[in-house]
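Everything below concerns the one structure shown next.
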Amino acid sequence: MDTITTKLSREEIFNLMKKFITEVIGEEFVEEMDITPESSFTKDLEMDSIEIVSFSEKIKAHFGDQIDFTGWLSSMDLDQLINLNLGMIISYIEECQS
Amino acid sequence: MPILNINHQSVHIQELNQNAPETIVLVHGMFSNLSVYYFSVAPILATHFHVVLYDLKSHGMSEKTLSGYDLESMTDDLKGLLDTLKLKQVYLGGYSFGGLIALKMAIRFPNLIKKLAVIEAPDPSDEKARGIIEEYSREFLENYIENFTDTTKVKMGKRQMEKNHRMYEYLFHQTSIKDDMILEKDFFEDSAINQLDQDVLLLYGLTSNCLDAGKNLNQKIKNSSIQIVDGDHNIPIQEPQLIGEALLNFFQRK
Chain C
1 MDTITTKLSR
11 EEIFNLMKKF
21 ITEVIGEEFV
31 EEMDITPESS
41 FTKDLEMDSI
51 EIVSFSEKIK
61 AHFGDQIDFT
71 GWLSSMDLDQ
81 LINLNLGMII
91 SYIEECQS
Chain P
1001 MPILNINHQS
1011 VHIQELNQNA
1021 PETIVLVHGM
1031 FSNLSVYYFS
1041 VAPILATHFH
1051 VVLYDLKSHG
1061 MSEKTLSGYD
1071 LESMTDDLKG
1081 LLDTLKLKQV
1091 YLGGYSFGGL
1101 IALKMAIRFP
1111 NLIKKLAVIE
1121 APDPSDEKAR
1131 GIIEEYSREF
1141 LENYIENFTD
1151 TTKVKMGKRQ
1161 MEKNHRMYEY
1171 LFHQTSIKDD
1181 MILEKDFFED
1191 SAINQLDQDV
1201 LLLYGLTSNC
1211 LDAGKNLNQK
1221 IKNSSIQIVD
1231 GDHNIPIQEP
1241 QLIGEALLNF
1251 FQRK
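So the protein lines, in turn, are chains C and P.
Position one of the first sequence corresponds to residue 1 (the working numbering), numbered consecutively onward.
Position one of the second sequence corresponds to residue 1001 (the working numbering), numbered consecutively onward.
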């Protein structure tokens, strides 16, 4: 378990999220994509819900109880989930760290 | 990723609120996976219960298996899951094909199941319900994914399309799922359904093709009640809050 205690910068969080996405959907797909903070989870990254479950688990394993990512996602309705982009997740993690 | 070894297969599970004294197990439907509950219905139930979700064989992140899709084998797997997690008695819910597995489980192991919720279980003798298995084709798949897939309402892109196509191809052309389903066609005629003792909640969509199956079950099961909600076969996606609350009320009621 690599639970962290130090505060990450926006860029560090972005790189970490990119690493998790690569682990979940596979390097061969990520190579074809230009992942940016504007990338939407469902439309651009084409992540389905079981992949988002895996992604949530990686966040939980990394940040521990510091961040309730699954709870945060659960509070969204389907339209909000569809519009979810990487930048929103980075902001949420940043907020939880402060 | 929590993976258990059950009956010599790797099974992906997720648990919420593990410290709660009582447990609800939820079973997903065919071509779906545990995520149908994970972000919506399960968190509502987890406000009061320990919730266990698992991926059926060859679905989600569980191991692929060539055979054993009949209800006997599927309930052997579920029994194995309860044993592995040392759960002596649970509340059980199942959606669509998962609803049939849940029903079979209550018939085979009545002492393990405190209450049963069946969401949109089809009548396996209904040709239309089984028809998707026989009419399978690429065109049909595209139409199915666009209109009926129960994991997301987003139209799929190329990667998802191919991923799902691979799953359908595998399930239909390599496993015994087709034959196993046809063998279950008389399941609703099983007199054991009439002898179920548990309280059973039947949740069906008003415009669903499966509504008659729900009414049929309601007549057969003595301690059943049916709740008909706005929507079609996809009610857990269309009305997750309502379904979650209906299940919570039902399982909490003494």
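Note that the Cβ used here is the ideal one computed from N, Cα and C, for glycine as well.
Member of P:Glu1120, P:Leu1085, P:Leu1201, P:Met1167 whose CA lies at the smallest distance from the CA of Thr1207 (chain P): Indexing the second sequence from 1 puts residue 1207 (chain P) at position 207. Comparing Cα positions, the closest option is P:Glu1120.
Any non-hydrogen atom of the ligand FAD closer than 7 angstroms to Lys1057 (chain P) Cβ: Absence of the ligand FAD from the depicted structure is noted, as is the absence of any ligand whatsoever, leaving it without description.
Reference Ser75 (chain C), options P:Leu1066, P:Ile1044, P:Leu1202, closest by Cα: Counting from 1 along the first sequence, the entry for residue 75 (chain C) is found at position 75. The candidate whose alpha carbon is nearest that of Ser75 (chain C) is P:Ile1044.
Helix, strand or coil at Ile1132 (chain P) according to DSSP, with G and I counted as helix: Sequence index remark: in the second sequence, residue 1132 (chain P) carries index 132 (1-based). Confidence at Ile1132 (chain P) is low in this model, with a pLDDT of 47, below 50, so the placement of that residue should be treated as unreliable; the coordinate-derived value is given next. Reduced to three states, the DSSP call for Ile1132 (chain P) is helix.
Residue-level contact to chain C via CB, Tyr1038 (chain P), 8 angstroms cutoff: Translated into positions along the second sequence, residue 1038 (chain P) becomes position 38. Judged by the 8 angstroms Cβ criterion, Tyr1038 (chain P) is in contact with chain C.
Cross-chain neighbours of Asn1033 (chain P) in chain C, by beta carbon under 7 angstroms: For this step, residue 1033 (chain P) is matched to residue 33 along the second sequence. Per Cβ cutoff of 7 angstroms: Ile50.
Neighbourhood of Met1105 (chain P) by C-beta distance below 7 angstroms, restricted to the same chain and skipping five residues each side: Numbered from its first residue, the second sequence carries residue 1105 (chain P) at position 105. Cβ within range, chain order: Thr1075, Leu1078, Leu1092, Ile1113.
Buried or exposed (CB count within 10 angstroms, at least 16 for buried), Ser54 (chain C): Position 54 of the first sequence, counted from the start, is the residue given in the question as residue 54 (chain C). Buried, by the Cβ-count rule.
Where the alpha helix (DSSP H) through Tyr1037 (chain P) begins and ends: Position 37 of the second sequence, counted from the start, is the residue given in the question as residue 1037 (chain P). Start and end: 1035-1038.
Integer Cβ distance of Gln97 (chain C) from Leu16 (chain C), believed to fall under 8 angstroms: Within the first sequence, residue 97 (chain C) is the residue found at index 97, counting from 1. Within the first sequence, residue 16 (chain C) is the residue found at index 16, counting from 1. The Cβ separation is near 12 angstroms, so there is no contact.
Where Asp1150 (chain P) falls: helix, strand or coil (DSSP): Locating residue 1150 (chain P) in the second sequence gives position 150, counting from the first residue. In this prediction, Asp1150 (chain P) has a pLDDT of 49, which is less than 50 and means its spatial position is unreliable; what the coordinates show is noted afterwards. Coil, per DSSP.
Beta carbon proximity, Gln1009 (chain P) to chain C, threshold 8 angstroms: Translated into the one-based positions of the second sequence, residue 1009 (chain P) becomes position 9. By this cut-off, Gln1009 (chain P) is not an interface position.
Simplified DSSP state of Tyr1069 (chain P), which is helix, strand or coil: The residue you call residue 1069 (chain P) lines up with position 69 of the second sequence. Judged by DSSP in its simplified three-state form, Tyr1069 (chain P) adopts coil rather than helix or strand.
Opening and closing residue of the beta strand (DSSP E) in which Thr1207 (chain P) lies: Translated into the one-based positions of the second sequence, residue 1207 (chain P) becomes position 207. Where Thr1207 (chain P) is concerned, there is no enclosing beta strand (DSSP E), given that its DSSP letter is neither H nor E.
Neighbouring residues, chain P, relative to Leu73 (chain C) (Cβ below 7 angstroms): Within the first sequence, numbered from 1, the residue matching residue 73 (chain C) stands at position 73. Residues of chain P passing the Cβ test: Phe1039.
Completely contained alpha helix (DSSP H) runs for the stretch 1072-1111 of chain P, where each covers 4 or more residues: 1097-1108
Cβ neighbours of Gln1174 (chain P) in the same chain (closer than 8 angstroms, five flanking residues each side left out): On the second sequence, residue 1174 (chain P) is found 174 positions in, with the first residue counted as 1. Taking C-beta separations shorter than 8 angstroms and ignoring five residues to either side along the sequence, the partners of Gln1174 (chain P) in its chain run Leu1066, following chain order.
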